[in-house]
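A.B. asks: For the record, the sequence lines run as chains V, C and L.
If you count the first sequence from 1, position 172 lands on 172 in the numbering used here, and the numbers rise without skipping.
If you count the second sequence from 1, position 125 lands on 305 in the numbering used here, and the numbers rise without skipping.
If you count the third sequence from 1, position 5 lands on 503 in the numbering used here, and the numbers rise without skipping.
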Amino acid sequence: MMNTWIYARNLVVGLWIVFKRTFTKPVTVQYPEEQPYLPPRWRGRIVLTRDPDGEERCVACYLCSAACPVDCISLQAADNPEAHERRYPAFFRINFSRCIYCGMCEEACPTNAIQLIPDFEQSEYARRNLVYEKEDLLISGTGKYHDYNFYRMAGVRTRDKDKGQGEHELPPVDVKSLMP
Amino acid sequence: MIDWSHTALTIAVILGSCLTLAGMLIWVERRLLGMWQERYGPNRLGPGGCLQSLADMIKIFTKEDWIPPFADKAVFVITPAIVVITALMSFAVIPIAPNFVVADLNVGVLFFLAMSSLAAYSVIIGGWASNNKFAFLGSLRAIAQLLSYEVFMGVSLMGAVILAGSFKLSDIVNAQQHQWFVIPQFLGFLGFFMAGLAEAHRTPFDMPEAEAELVAGYHSEYSGMKFGMFFVGEYLSILLLSAMTVILFFGGWHGPWLPPVVWFGLKMFGFIALIILIRAAWPRYRFDQLLSFGWKVVMPLALINLLVTGGVVLWRAG
Amino acid sequence: MEILFYIAAAVTVLATLRVITHVHAVHALLYLVVALIALSLIFYLFGAQFAAALEIIIYGGAIMVLFIFVVMLLGPLAVEQERTWFSLSAWVGPSILALVLLGEVGYLIASGDHPTMAVAEPRQKAISIALYGPYIIGVELASMLLLPGLIGAYHLGRRLSSEARSC
Numbered sequence: 001m002m003n004t005w006i007y008a009r010n011l012v013v014g015l016w017i018v019f020k021r022t023f024t025k026p027v028t029v030q031y032p033e034e035q036p037y038l039p040p041r042w043r044g045r046i047v048l049t050r051d052p053d054g055e056e057r058c059v060a061c062y063l064c065s066a067a068c069p070v071d072c073i074s075l076q077a078a079d080n081p082e083a084h085e086r087r088y089p090a091f092f093r094i095n096f097s098r099c100i101y102c103g104m105c106e107e108a109c110p111t112n113a114i115q116l117i118p119d120f121e122q123s124e125y126a127r128r129n130l131v132y133e134k135e136d137l138l139i140s141g142t143g144k145y146h147d148y149n150f151y152r153m154a155g156v157r158t159r160d161k162d163k164g165q166g167e168h169e170l171p172p173v174d175v176k177s178l179m180p
Numbered sequence: 181m182i183d184w185s186h187t188a189l190t191i192a193v194i195l196g197s198c199l200t201l202a203g204m205l206i207w208v209e210r211r212l213l214g215m216w217q218e219r220y221g222p223n224r225l226g227p228g229g230c231l232q233s234l235a236d237m238i239k240i241f242t243k244e245d246w247i248p249p250f251a252d253k254a255v256f257v258i259t260p261a262i263v264v265i266t267a268l269m270s271f272a273v274i275p276i277a278p279n280f281v282v283a284d285l286n287v288g289v290l291f292f293l294a295m296s297s298l299a300a301y302s303v304i305i306g307g308w309a310s311n312n313k314f315a316f317l318g319s320l321r322a323i324a325q326l327l328s329y330e331v332f333m334g335v336s337l338m339g340a341v342i343l344a345g346s347f348k349l350s351d352i353v354n355a356q357q358h359q360w361f362v363i364p365q366f367l368g369f370l371g372f373f374m375a376g377l378a379e380a381h382r383t384p385f386d387m388p389e390a391e392a393e394l395v396a397g398y399h400s401e402y403s404g405m406k407f408g409m410f411f412v413g414e415y416l417s418i419l420l421l422s423a424m425t426v427i428l429f430f431g432g433w434h435g436p437w438l439p440p441v442v443w444f445g446l447k448m449f450g451f452i453a454l455i456i457l458i459r460a461a462w463p464r465y466r467f468d469q470l471l472s473f474g475w476k477v478v479m480p481l482a483l484i485n486l487l488v489t490g491g492v493v494l495w496r497a498g
Numbered sequence: 499m500e501i502l503f504y505i506a507a508a509v510t511v512l513a514t515l516r517v518i519t520h521v522h523a524v525h526a527l528l529y530l531v532v533a534l535i536a537l538s539l540i541f542y543l544f545g546a547q548f549a550a551a552l553e554i555i556i557y558g559g560a561i562m563v564l565f566i567f568v569v570m571l572l573g574p575l576a577v578e579q580e581r582t583w584f585s586l587s588a589w590v591g592p593s594i595l596a597l598v599l600l601g602e603v604g605y606l607i608a609s610g611d612h613p614t615m616a617v618a619e620p621r622q623k624a625i626s627i628a629l630y631g632p633y634i635i636g637v638e639l640a641s642m643l644l645l646p647g648l649i650g651a652y653h654l655g656r657r658l659s660s661e662a663r664s665c
């Protein structure tokens, strides 16, 4: 008898709790009109960025492709000795219908070339349109890291600078001398 | 004799408004469910989304109307018609306002019960004709549920019939001019409403189409407009249930100031909202709980209610 | 009104004929439901509204549903069985008996003096008074018959182990 009473009371209380929702505002975000806030580090569409000098950052090291857990990145390295001595990708292809936006390519990238940006509006009517080529991926800006230029920081010799002339870099140690 | 033009006009008005309301109810239910789940529901098409049903209708009409090769073709095809026809036939005896009724039969209440018992066929043979395990299980559940709850429905509304002294629905409404039957017949109202929920396969008694267990129950194999007719039939039976509750226990069209039709519509909408609220709030019963609840709780209460009502009426008569 | 009666009567006869001749049990039962509905229309046309409603509620809505419920579980195998049983020799006996009845009906019609269709008053009150007055013993006997049925059903449907019982 007591159980029946509690049971009936619970049903009525449940009804009342739901009914009170009549007077609360819906939590829905009306998306296309009302854009949601996306934090700067939100992992969305992948882009290839350029140096502050306007050169491609990507050196075709294949690390992103190796790090990708779903194997959606494919690229091929090429040389162009006249322009600069580093390699560049002849093609760079990301299949976004496979990409899981995990951001591991970004973590693997030594030159900060590949970056994930806060943009998720990538709907397409045909699945093949989700395969992005290099011209779709490459942007003309620096992305999230404005001042970073790998070859200015790294201790290797390039056409513009010798060893030890990079930013925040000490002159190389002369190993043949005993002097400190 | 019968005034044919008046009857034809009434039939046209009631038929048109029933089908339109049943269509609109799909949208109303989705909006109300949204409201009670802190979201919006369909709000894009037309003001407030009210043309959503039209879009649904266009979609459902242009879908492929598939009859499974393993189904029993003839039975499979007539089943959706039974749902809609029995529900619409019941509206023939519903008095919406004084003289605003298609046929005020002497046995209006019995006619309603007869039509609701015939509606059981749609569920049963629909599930059987689909020749599908899930549909068949759904219709087996439906048989047990509908047969049991038809009994309670009949018994629990007899209290109102005894108080009014007539099976005629307009007499029952007129007997409630001063006091609604919900006050002396509260148990009868509860029993009738629960049985009606079970007859209309609404939560918490929607086991025949429990989508978590049985795909979609007895209409799993139906597509296109045949499914649409099952869908419309369900909303028609919600309309019917709320109309009958208003007539039998809540004074029908009686009410101060406003015209009778408005009062009837307002009360009916209240019950429709209550049915949707129940769907938003309550979980589904287990099937054995459903049957034991019916036979062990509702049935004795309805019988006691009938007995006491009859006794009181006889005692007052002297 | 008379044309309505003849239509309903024709539907009843044809549907009943199909009940007998149909090999598929569920279809036959559905024809029987149609026949019952047509019969209730005839009751209604004669002014017996109460009987018409009860005909549908009890026979159409409850008993036939149970019949279909049981027959539905037989499955497609039953159709083949029915087809083999449904031989010409099985027709002979019933046909002769039906012909005898037809002859009687024909004689009654031919002999004239049959009452025209009369519209009766709704008499449920008279029926109720008769049932609970002079024929109370019949009602009580029927209820006594039903009670053993109920107890028997309970006995057959009870659970054997007590620990499996829930709630």
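Cβ coordinates follow ideal geometry from the N, Cα and C atoms, glycine included.
Quantities reported herein were computed from a predicted structural model and do not represent experimental measurements.
1) Using Cβ-Cβ distances below 9 Å, what residues of the segment 266-286 of chain C are close to chain L?
2) Measure the CB-CB distance between C/L326 and C/A344 and report whether it falls below 7 Å.
3) In chain order, what residues of the same chain lie with their CB nearer than 7 Å to the CB of L/I535, ignoring the 5 residues before and after it?
4) Who are L/Y605's beta bridge partners in DSSP?
5) For C/F291, go through chain L and note every residue whose CB falls closer than 8 Å to its CB, in chain order.
6) Verify the CB distance criterion: does V/R159 have a CB-CB separation below 7 Å to chain C?
7) What span of residues does the alpha helix (DSSP H) with C/L260 cover, start to end?
8) Within its chain, find whatever has a CB closer than 6 Å to the CB of L/G636; leave out the 5 residues flanking it on each side and keep chain order.
9) In the structure shown, what three-state DSSP assignment does L/C665 receive?
10) DSSP three-state call for V/L48: helix, strand or coil?
11) Count the other CB atoms, across all protein chains shown, that sit within 10 Å of the CB of L/Y542; report buried if there are 16 or more and exposed otherwise.
12) Taking the beta carbon of V/N3 as the centre, do at least 16 other beta carbons fall within 10 Å, making it buried, or is it exposed?
13) Do the CB positions of C/G450 and C/W443 come within less than 7 Å of each other?
14) What residues of chain L sit near C/I304, judged by a beta carbon separation below 9 Å?
15) Could you please tell me which residues of the segment 194-221 of chain C, in chain order, have their CB closer than 8 Å to any CB of chain V?
16) Going by DSSP, name the residue or residues bridged to C/N354.
17) Between C/L460 and chain V, is the shortest Cβ-Cβ distance under 7 Å, so that the two count as touching?
18) Does any residue of chain C have a CB that is nearer than 7 Å to the CB of L/I634?
19) In terms of residue numbering, what span does the alpha helix (DSSP H) encompassing L/Y652 cover?
20) Measuring only between beta-carbons, confirm whether L/F541 sits less than 7 Å from chain C.
21) Does the contact criterion of 3 or more C-beta pairs under 8 Å hold for the segment 10-24 of chain V versus the segment 452-461 of chain C?
22) Does the segment 392-412 of chain C come into contact with the segment 355-367 of chain C, if we say contact requires no fewer than three beta-carbon pairs (one atom in each stretch) closer than 8 Å?
23) For a contact meaning CB atoms closer than 7 Å, what does C/L457 contact in chain V?
24) Closer than 9 Å by beta-carbon distance: list the chain L residues that pair up with C/L189, in chain order.
25) Can you tell me which of C/F372, C/L457, C/N312 puts its alpha carbon nearest to the alpha carbon of C/G334?
26) Counting only runs that start and end within the segment 511-582 of chain L, where is the alpha helix (DSSP H) found for 4 or more residues in a row?
27) For L/C665 and C/M387, I'd like the C-alpha separation in whole angstroms.
28) Looking at the strands, I want to know which residues DSSP matches up with V/A90.
29) For chain C, check one thing: does any of its Cβ atoms lie closer than 7 Å to the Cβ of V/P118?
30) Where do the N-terminal and C-terminal ends of the beta strand (DSSP E) with V/I73 fall, by residue?
31) Any beta-carbon of chain C closer than 7 Å to the one on V/P192?
C.D. replies: By the coordinates alone:
1) L285, N286
2) no
3) I554, G558
4) Looking at the DSSP assignment, L/Y605 forms no beta bridge with any residue, so it has no partner.
5) A551
6) no
7) Per the sequence presented here, residue 260 of chain C reads as Pro, with Leu not at that position. From DSSP, the alpha helix (DSSP H) with C/P260 extends over 253-270.
8) none
9) Because L/C665 sits at a pLDDT of 48, beneath the cut-off of 50, its placement in the model cannot be relied upon, and the point is left open.
10) strand
11) buried
12) exposed
13) no
14) V563, I566, F567, M570
15) G214, M215, W216, Q217, E218, R219, Y220
16) Paired residues: none, contrary to the question.
17) The sequence shown places Ala at residue 460 of chain C, not Leu. Yes, C/A460 counts as interfacial toward chain V.
18) no
19) 634-655
20) no
21) yes
22) no
23) L15, V18, F19
24) The premise fails here: C/L189 is roughly 23 Å from chain L at the closest Cβ pair, so nothing lies under 9 Å.
25) C/F372
26) 523-543, 547-552, 562-570
27) In this prediction, L/C665 has a pLDDT of 48, which is less than 50 and means its spatial position is unreliable; nothing more can be read from the coordinates.
28) Answer by DSSP bridge pairing: none, since V/A90 is not bridged.
29) no
30) 73-78
31) This structure leaves residue 192 of chain V out entirely; chain V is present only between 1 and 180.
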